[in-house]
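Numbering-wise, the working numbering puts 258 at position 253 of the sequence shown, and it's gapless, one number per residue.
Glycine included, C-beta positions come from ideal geometry on N, C-alpha and C.
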Amino acid sequence: MKGTKKYMKTRERAWTQGKRRMRMHPVNGQQWNTVNEKWMRLHWGMTTSLALAAALLELIMAFALNRIEGFVNSDPTRYMIKYLLIPVLLNSILVLAGMLAANSRLKGQIRQLLVSLCMAGVCLVLYGVHSLFPALILLPVVAIMLTISYGDYRLTSITAAVCLLGVPVVDLVVVWDSTQRHRLENIENRINWLLGLVLLLGCYLLSLASIYYERERIREAARRECELRRDSLTGLLNRTALDDRLGQLCAGGQGVVVMMDLDGFKQLNDTLGHLQGDACLQMVAGILRSYAGENTAFRYGGDEFCMVFHAPEPGQILRTCERIRKSLEGIHLFSPCQVGASFGMAECRPGMSPEQLLKNADSALYQAKEERGCIRRWEQMAT
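Right under this line is the structure:
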């Protein structure tokens, strides 16, 4: 009963640590930054396209709307200046600023914010110039929604604040063309204007909710990936993760792989049962994490473990293996059984395949098992 209770406590502790590691497991930052970088470029491209499309539409409207009574009361020169040249100049400045920001050496989040603000600026310019079209309040909505893909609450909030403050400033302070009807000239337009602001606010809140659930979705995907790469019993990285790590090691052409096998584990399993055997494996995993590191130790299968070191320092690695071996010998919780460990070590050479590297380490481990409780290097055996 004591052994079973001890096992359950150890099992519960390992499970708690595993859940903690999964909660702490971050979304791959490099992949996330790469996606945001691509979206920022596309974001700037959409800003440029909007500015160009607006300029083209202005040229068309200069000819088409001039014949519609009530739309254009300005003379052609005045119209070209106020509705084409000045808006094009302002939008060109914003597009150029966005391009400079996107290609600057500023931090990624700052560049993304500046590009988002440039898009918001273009939308506000077009909204302010064309007071005849209340529906253009949807342009700031677009500016806010385009920030969702960055997954950044602060960026979206700043962009939304600029839009929510910019619309009242444009309508209440700036009088772009006194010859045209104003958006707020009657009670009906004022109600529609207020509804537009509510729409902007609702769009902002919806964007925050979308960012939250997108983050949760990515976090859940990362958690599942973490589970697939972790051994359920010990919490160590598993064979799938080991294969990836060995591929990276061989691609770099240097590093050290250590195979470890427990001595006396079969006797422990046969004498004390599988519950105690599982508890022993969990204790071994804890020792490996302590001396080798969380992302260095792997469970290879059964009572075999593997450690992958990227730094080619055999002397330091030998000392690490010796500490692990002595720690295992110091465990006296599974009396009358005593568990030890044997180690086989192999260095990665340029051009070596993961299979060959693992085979070399396994050959060294086989020799160490023959002598029991020692550390053997494949390089020494091969000479």
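In the DSSP output, what is Val261 paired with across the bridge?
Phe314 and Glu352
Using the DSSP secondary-structure output, state which residues sit across from Ala346 in a beta bridge.
Leu267
What alpha helix (DSSP H) runs, 4 residues minimum, are completely inside the region 111-189?
113-134, 143-150 and 158-177
Please report the residue range of the beta strand (DSSP E) in which Arg235 lies.
No beta strand (DSSP E) holds Arg235; DSSP gives it neither H nor E.
Is it right to say Asp236 is buried, meaning 16 or more other beta carbons lie within 10 angstroms of its own, or is it exposed?
By the Cβ-count criterion, Asp236 is buried, with 16 or more other Cβ atoms from all chains shown falling within 10 Å of its own Cβ.
Would you call Ile196 buried or exposed, if buried means 16 or more other Cβ atoms sit within 10 Å of its Cβ?
exposed
What is the rounded straight-line gap between the Cα of Leu90 and the Cα of Val174?
Approximately 22 Å between the Cα atoms of the pair.
Which residue wins for smallest C-alpha separation from Gly298, given the options Val130, Val313 and Trp383?
Val313
Looking only at its chain, what residues have a beta carbon closer than 7 Å to the beta carbon of Leu206, apart from the 5 residues adjacent to it on each side?
Leu169
How far does the alpha helix (DSSP H) with Arg330 in it extend, from its first residue to its last?
Pro319 to Glu334
Hey, quick one: how far does the beta strand (DSSP E) through Arg83 stretch, first residue to last?
Note, Arg83: premise wrong, no beta strand (DSSP E); alpha helix (DSSP H) at Pro81 to Met85.
Note down, in chain order, each residue of its chain lying with its Cβ closer than 7 Å to the Cβ of Gly252, except the 5 sequence neighbours on either side.
Pro359
Anyone know if the C-beta pair for Phe389 and Gln287 falls short of 8 Å?
Since the first and last residues shown for the chain are 6 and 388, residue 389 lies out of range.
Could you spell out where the alpha helix (DSSP H) holding Gly103 opens and where it closes?
Ile91 to Ala107
Indicate the three-state DSSP secondary structure (helix, strand or coil) for Ser199 in the structure shown.
Contrary to the premise, residue 199 reads as Leu rather than Ser in this sequence. Looking at Leu199 - three-state DSSP - the assignment turns out to be helix.
Using the C-alpha atoms, what's the distance from Val130 back to Ala102?
Each residue's alpha carbon lies about 15 Å from the other.
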